[in-house]
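No gaps in the numbering here: position 387 of the sequence shown is 386 in numbering that gives the first Met the number 0, and each next residue is one more.
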Amino acid sequence: MTLAALPVANAATSARRVRLELRGTLQGVGVRPYVSGLARALGITGWVANSGSGVTLEAEGPGAVVETFVRRLGAELPPHARIESLERTDGEPLGETTFRIRDSVAGAVGTAATVTPDIASCAACVAEIFDPAARRYHYPFTSCAHCGPRFSILDALPFDRANTTLRTFALCDACRAEYGDPDDRRYHAQTIACPDCGPRMWLEDAAGYRLHAHYAAVLAAVAALHDGRVVALKGLGGFQLLVDARNEAAVSRLRERKQRPAKPFAILSPDLAWVEQHCRVTPRERELLCSGAAPIVLLPRRAPRAGEPVAVARAVAPQNPLLGVMLPTTPLHHLLAAAFAGPLVATSGNVTGEPLVADNAAARERLDGVADLWLLHDRDIAWPLDDSVIRVVAERPLLLRLARGYAPQSIALATPATPALALGGQLKAALAVTLGDRVVLGPYIGDLHTPRARRRYERELDDLCKVHGVAPASLACDEHPDYYTSRVAHTRSGDVVRVQHHLAHVLACVADNAVSGPLLGVAFDGSGYGSDGTVWGGEFLRVDGASVRRVAHLRPFALPGGERAVREPRRAAAGLLFELFGESVFDDGRFALLADLPAAERRIIRQMLVRGINSPRTSSIGRLFDAVAALLDLVQFSAYEGHAAMALEFALAATPTATAYPMPLRDHDGASVLDWAPLVHAMLADLRDGADPAHIAAAFHNALAAGIVAVAEHVGERQVALSGGCFQNRYLCEQTIAALRAAGFEVYWHRHVPPNDGALALGQAAWVARCRRPGAA
Numbered sequence: 000m001t002l003a004a005l006p007v008a009n010a011a012t013s014a015r016r017v018r019l020e021l022r023g024t025l026q027g028v029g030v031r032p033y034v035s036g037l038a039r040a041l042g043i044t045g046w047v048a049n050s051g052s053g054v055t056l057e058a059e060g061p062g063a064v065v066e067t068f069v070r071r072l073g074a075e076l077p078p079h080a081r082i083e084s085l086e087r088t089d090g091e092p093l094g095e096t097t098f099r100i101r102d103s104v105a106g107a108v109g110t111a112a113t114v115t116p117d118i119a120s121c122a123a124c125v126a127e128i129f130d131p132a133a134r135r136y137h138y139p140f141t142s143c144a145h146c147g148p149r150f151s152i153l154d155a156l157p158f159d160r161a162n163t164t165l166r167t168f169a170l171c172d173a174c175r176a177e178y179g180d181p182d183d184r185r186y187h188a189q190t191i192a193c194p195d196c197g198p199r200m201w202l203e204d205a206a207g208y209r210l211h212a213h214y215a216a217v218l219a220a221v222a223a224l225h226d227g228r229v230v231a232l233k234g235l236g237g238f239q240l241l242v243d244a245r246n247e248a249a250v251s252r253l254r255e256r257k258q259r260p261a262k263p264f265a266i267l268s269p270d271l272a273w274v275e276q277h278c279r280v281t282p283r284e285r286e287l288l289c290s291g292a293a294p295i296v297l298l299p300r301r302a303p304r305a306g307e308p309v310a311v312a313r314a315v316a317p318q319n320p321l322l323g324v325m326l327p328t329t330p331l332h333h334l335l336a337a338a339f340a341g342p343l344v345a346t347s348g349n350v351t352g353e354p355l356v357a358d359n360a361a362a363r364e365r366l367d368g369v370a371d372l373w374l375l376h377d378r379d380i381a382w383p384l385d386d387s388v389i390r391v392v393a394e395r396p397l398l399l400r401l402a403r404g405y406a407p408q409s410i411a412l413a414t415p416a417t418p419a420l421a422l423g424g425q426l427k428a429a430l431a432v433t434l435g436d437r438v439v440l441g442p443y444i445g446d447l448h449t450p451r452a453r454r455r456y457e458r459e460l461d462d463l464c465k466v467h468g469v470a471p472a473s474l475a476c477d478e479h480p481d482y483y484t485s486r487v488a489h490t491r492s493g494d495v496v497r498v499q500h501h502l503a504h505v506l507a508c509v510a511d512n513a514v515s516g517p518l519l520g521v522a523f524d525g526s527g528y529g530s531d532g533t534v535w536g537g538e539f540l541r542v543d544g545a546s547v548r549r550v551a552h553l554r555p556f557a558l559p560g561g562e563r564a565v566r567e568p569r570r571a572a573a574g575l576l577f578e579l580f581g582e583s584v585f586d587d588g589r590f591a592l593l594a595d596l597p598a599a600e601r602r603i604i605r606q607m608l609v610r611g612i613n614s615p616r617t618s619s620i621g622r623l624f625d626a627v628a629a630l631l632d633l634v635q636f637s638a639y640e641g642h643a644a645m646a647l648e649f650a651l652a653a654t655p656t657a658t659a660y661p662m663p664l665r666d667h668d669g670a671s672v673l674d675w676a677p678l679v680h681a682m683l684a685d686l687r688d689g690a691d692p693a694h695i696a697a698a699f700h701n702a703l704a705a706g707i708v709a710v711a712e713h714v715g716e717r718q719v720a721l722s723g724g725c726f727q728n729r730y731l732c733e734q735t736i737a738a739l740r741a742a743g744f745e746v747y748w749h750r751h752v753p754p755n756d757g758a759l760a761l762g763q764a765a766w767v768a769r770c771r772r773p774g775a776a
């Protein structure tokens with residue numbers, strides 16, 4: 000039921016009282032002050048309060064005025080507020096004479112409010128910190144009812160100061176007056192603070208000595224950055240490592256210390272003007288950069304004009320035509336950016352492979368030897384949060400990392416489900432919990448290879464259940480028996496539901512788009528445990544309710560060395576060539592990729608493939624990308640996940656073509672298989688003829704898009720859902736969408752959650768909802 004559909008009172012002037020229970024993103028976004036102000040403007044009496052399930056209010060007045068109040072409430076909510084559902088109850092008038100904001104009321108267990116993501120500083124707060132006459136001049140923790148930390152400081156619901164990490168900071172008289180003033184933008188703002196009563200900041204050196212405090216600490220940190228030093232900044236959701244993005248030596252030194260040899264760094268831009276000078280920015284991308292979420296946005300670089308210095312050091316994003324750029328998000332970032340007046344590398348505060356550091360003691364220990372100085376504060380972080388990453392694809396934002404500004408994300412279910420906890424995957428781990436007719440997907444945690452990452456994962460698992468008041472009846476996990484998340488599922492109480500990796504990908508897209516079946520799901524990624532025990536990754540699944548069938552897949556090939564082949568695309572290429580030509584390929588001097596291998600390694604790879612030892616077979620599109628990138632000599636060793644696939648995408652940027660290599664759909668032992676063999680033969684012929692690698696890369700991508708259309712036409716379902724990490728590739732995603740639409744299909748791709756493994760938990764929860772409905776036998 001929507002607010003606009005609520006009935007109008009029969010008697011316009013008779014007294015009337017209504018109670019509204021609102022659920023959605025309603026806490027920490029100024030809803031209660033807005034409701035109070037609207038009520039006072041209309042002469043409505045009653046009250047409003049946060050509750051465990053959202054916002055509850057009672058409104059009393061003449062019937063027509065009450066209905067006006069209700070309708071305006073739905074149409075004029077604050078910018079970041081969202082109503083997901085409501086319940087209305089009509090009651091008897093009580094004769095109240097005022098409208099007030101009441102203390103929070105309890106909500107039903109398991110129907111907790113949608114937690115509000117953290118919101119970037121509003122224009123009024125930014126102006127205030129740069130106003131010498133303002134009480135909060137240069138104060139780095141300035142916020143109001145419309146901006147500031149939310150989820151990152153939350154310990155429990157409702158979103159009241161006592162339930163946040165700000166509870167230890169008692170308000171001074173001036174802040175208390177603002178808090179209680181209905182005409183002030185800090186009226187009932189739970190994050191209110193000032194230099195007299197709020198968190199404090201200081202700068203430390205490697206020995207732990209406090210060098211400067213307050214704004215002097217910012218200026219000293221800026222001076223150190225200009226000198227090429229690395230500063231560890233405690234930001235909103237965790238630590239960031241900062242360094243001058245123009246200083247080649249400083250950026251390279253950070254790479255060495257962080258143990259991150261090639262993966263791109265993000266840039267904190269001083270302002271929008273710098274971004275537009277050095278990147279090509281569309282109106283949609285500009286809107287994202289300046290939004291309340293303020294994510295990292297991937298943008299194509301502009302070539303420097305003649306005589307113009309390079310915008311950032313080569314080491315920021317080696318061999319990458321894109322820059323990941325964000326604008327200042329907090330008052331502290333605004334102060335730093337304004338004082339530095341240039342681009343800063345702002346990368347996650349960790350050593351590669353470790354989780355984000357979020358508290359001072361851990362930062363001193365784990366960033367020792369990485370940072371030269373620490374810019375610290377005493378506001379604790381309850382939920383560590385990386386920066387969200389977005390790329391605009393097909394004129395729509397595509398989240399690549401769900402974190403600050405967007406997490407947690409609430410997604411509607413077609414039908415209510417029993418309480419369930421979904422544990423996600425091994426990489427880009429994130430958790431999800433079902434709350435009646437919704438799934439709440441938590442933020443990106445990271446890869447679960449290290450003990451520290453696993454401890455953080457289990458802590459967030461417990462916290463997610465605690466915040467939402469859920470004791471899950473079911474635990475959903477990946478089918479892979481060796482994923483850490485799968486092992487955790489069996490240590491907890493509840494029915495364990497194992498969900499095939501690529502089915503979870505498809506269902507995440509389905510839930511994200513609120514689609515009903517039947518449909519064809521396309522899951523293209525690096526790898527996932529297949530139901531037949533092999534490594535899947537180029538999958539076509541027909542989904543209809545709780546019925547799932549694998550209707551087609553990529554032709555499999557072997558990966559010599561298993562996991563090592565994931566790190567070395569040249570091994571994937573060796574497996575592909577062996578599948579095509581047999582053992583003789585190792586004696587064929589035409590393939591420099593194999594001829595250049597050290598003799599001992601070539602002999603081992605040959606034996607593995609011939610004997611089928613440690614050479615799992617895979618239908619993975621991601622590994623096909625790796626093999627093709629290696630054959631084009633773009634990447635032989637991957638420095639990070641997706642390295643080879645990104646290089647192949649970037650290779651086509653210069654000269655796109657409509658040419659597509661042949662990739663027919665064939666019947667093989669009763670299964671429909673996309674056969675890459677003709678594609679590889681055609682590609683090798685082009686390589687021998689000296690064709691432009693950009694043409695080859697484009698023809699490869701076009702072949703994949705055409706192959707998806709061929710399968711869709713063969714299966715016959717008119718709805719097609721695209722998911723999996725390969726659809727982070729803008730060219731592939733856009734070509735596939737265009738080709739499917741041209742063929743008359745209705746296409747869905749991700750809207751609010753990532754297509755990669757970061758959304759597996761959503762898909763797992765959606766599968767439980769299909770199979771475990773309340774009251775079902």
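Idealized CB from N, CA, C, for every residue including glycine. Predicted model only: the values in this text are computed from it and were never measured.
Asked                                                                                                                                                               : Found
Relative to the C-alpha of Ile295, which residue among Pro396, Pro198, Gly424, Gly29 is closest?                                                                    : Pro396
Assign Pro450 to buried or exposed, taking buried as 16 or more other Cβ atoms, counted over all protein chains shown, within 10 Å of its Cβ.                       : exposed
Counting only beta-carbon separations shorter than 8 Å, does Gln239 have a partner in chain C?                                                                      : Judged by its chain identifiers, the structure shown contains no chain C, having just a single protein chain.
Find the nearest neighbour of Ser530 within the set Val505, Ala345, His500, judged by alpha-carbon distance.                                                        : His500
When burial is assigned at 16 or more other CB atoms within 10 Å of the CB, is Pro442 buried or exposed?                                                            : buried
Below 7 Å CB to CB, which residues in the same chain sit around Gln276 once its five sequence neighbours on both sides are set aside?                               : none
Short of 6 Å in beta carbon distance, which residues of its chain neighbour Val28, apart from the five on each side in sequence? Order them along the chain.        : Pro77, His79, Ala80, Thr115
Just the Cα atoms here: how many angstroms apart are Leu322 and Asn728?                                                                                             : 15 Å
Work out the CA separation of Arg548 and Arg256 for me, nearest whole Å.                                                                                            : 48 Å
Using a 10 Å radius around the Cβ and a threshold of 16 neighbouring Cβ atoms, would you call Gly179 buried or exposed?                                             : exposed
By DSSP, does Asn755 sit in helix, in strand, or in coil?                                                                                                           : coil
Can you find at least 3 beta carbon pairs, one from the segment 367-375 and one from the segment 214-226, that sit closer than 8 Å?                                 : yes
Taking DSSP's pairing of strands, which residues face Met200 in a bridge?                                                                                           : His376
Tell whether a beta-carbon distance below 8 Å holds between Gly762 and Ala503.                                                                                      : yes
Count the other CB atoms, across all protein chains shown, that sit within 10 Å of the CB of Thr329; report buried if there are 16 or more and exposed otherwise.   : buried
What's the call for Lys465, buried or exposed, on a 16-neighbour Cβ count within 10 Å?                                                                              : exposed
Among Thr414, Arg601, His642, Pro480, whose alpha-carbon lies nearest the alpha-carbon of Gln425?                                                                   : Pro480
Classify Gln734: buried if its beta carbon has 16 or more other beta carbons within 10 angstroms, exposed otherwise.                                                : buried
Can you give the Cα-Cα distance for Val54 and Gly537, rounded to whole angstroms?                                                                                   : 45 Å
In three-state terms, what does DSSP make of Asp461?                                                                                                                : helix
Under a Cβ-count criterion, where at least 16 other Cβ atoms within 10 Å of its own Cβ denotes burial, should Glu459 be classed as buried or exposed?               : buried
Return the CA-CA distance between Ala776 and Trp766, expressed in angstroms with no decimal places.                                                                 : Its pLDDT being 41, under 50, Ala776 is placed unreliably in this model, and the coordinates cannot settle the point.
Quick test of your reading: Leu72 and Arg16, contact by CB under 8 Å. State the CB separation rounded to the nearest angstrom.                                      : Contact flag wrong, Cβ pair sits at about 15 Å.
Do you know how far the Cα of Val34 is from the Cα of Arg185?                                                                                                       : 14 Å
According to DSSP, what are the bridge partners of Thr113?                                                                                                          : Thr24
Tell me the residue span of the alpha helix (DSSP H) that contains Leu331.                                                                                          : 330-339
Please report how far the alpha carbon of Pro661 lies from the alpha carbon of Leu633, in whole angstroms.                                                          : 22 Å
Provide the residue span of the beta strand (DSSP E) that contains Trp46, from first to last.                                                                       : 44-50
May I have a chain-ordered list of the alpha helix (DSSP H) segments no shorter than 4 residues that lie completely inside the segment 690-748?                     : 692-714, 729-741
Leu422 to Asp477, Cα distance in whole Å?                                                                                                                           : 8 Å
With 16 other CB atoms within 10 Å as the buried threshold, where does Phe577 fall?                                                                                 : buried
Can you tell me whether DSSP reads Leu19 as helix, strand or coil?                                                                                                  : strand
In the DSSP assignment, find the alpha helix (DSSP H) that holds Gly574 and state where it starts and stops.                                                        : 568-580
Decide if Ala4 is buried, meaning its Cβ has at least 16 other Cβ atoms within 10 Å, or exposed.                                                                    : Residue placement at Ala4 is poorly supported in this model, since its pLDDT is 44, which falls under 50; the coordinates are not used for a value here.
In chain order, what residues of the same chain have a beta carbon less than 7 Å from the beta carbon of Phe168, not counting five sequence neighbours either side? : Ala192, Cys196, Gly197, Pro198
Use the C-beta contact count for Tyr405: other C-beta atoms within 10 angstroms, 16 or more gives buried, fewer gives exposed.                                      : buried
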